[in-house]
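Data first, discussion second: the structure below is written as structure tokens.
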């Protein structure tokens, strides 16, 4: 059973504080890189309307990053230091999953970001209410999900041959995302401790962890269905 963490005493625990700083550092870097990626993807957009839509979503991503940066400042954790441990794995993920075209970029943002967001939301269930609400607010969809689904389905309807290639691409994204997530979990004990807990703060047992990943897998399958692709 995951413990309910109160805001009044949560940050008196140095291990808990370190875990929250890790969570916000990882999420902040994800939002910053999301801003950069959406801005770059806007350059691949086939129409000016698509370019403007992605540019607007990129701005929203940056505002999300700013909120995390400000919260880290309140915690006395410089944003550069909080994000630094996650730079290599996230940069490696993006290097290994560079999209070849506009559609692959949309699938990457929808599928890859979706898996990451599901994980962050699960971890947020183990933290204090203020941190949980910040995570939820930052992960609020800026319209990119519907945008990506609409454009991908239009393309697949126009050329059904695209479905196989994009489905394979999505599977590759999932594999890379899980590999990097395992790397982060192994390297960052404080972040992992938010899930598994500590001596005075019980976390998830193995059965609950299994259910967590089952929920994430189910949500991924649902996204693929919405895209019109096989999981």
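In the numbering used here, the protein residues as written are 640 to 870. A virtual CB, placed ideally from N, CA and C, is assigned to each residue, including glycine.
In the displayed model, residue 827 falls within coil according to three-state DSSP, outside both helix and strand.
Of the residues assessed, residue 670 falls on the buried side of the cut-off, its CB having 16 or more other CB atoms within 10 angstroms. Residue 792 and residue 786 have their C-alpha atoms spaced approximately 10 Å apart.
If you ignore the 5 residues before and after residue 704, its C-beta comes within less than 7 Å of the C-beta of 667, 670, 671 and 674, all in its own chain and listed in chain order.
As summarised for the stretch 744-781, the continuous alpha helix (DSSP H) elements at least 4 residues long and confined to that stretch are 752-763 and 768-777, given in chain order. Around the beta carbon of residue 693, 16 or more other beta carbons lie within 10 angstroms, which makes this residue buried. Just so you know, the alpha carbons of residue 810 and residue 745 end up roughly 14 Å apart. If you ignore the 5 residues before and after residue 650, its C-beta comes within less than 7 Å of the C-beta of 656, all in its own chain and listed in chain order.
Taking a cut-off of 8 Å on C-beta distances, the stretch 675-683 touches the stretch 696-715, as three or more cross pairs fall below it.
With respect to residue 866, residue 749 sits close: the two C-beta atoms are nearer than 8 Å. With a threshold of 16 other beta carbon atoms within 10 Å, residue 799 falls short and is exposed. Just so you know, the alpha carbons of residue 850 and residue 856 end up roughly 10 Å apart. Short of 8 Å from the beta carbon of residue 819, and not among the five residues preceding or following it, lie these beta carbons of its own chain, in chain order: 728, 729, 731 and 732. When secondary structure is reduced to three states using DSSP, residue 868 falls in the coil class, being assigned neither helix nor strand. Just so you know, the alpha carbons of residue 794 and residue 690 end up roughly 17 Å apart.
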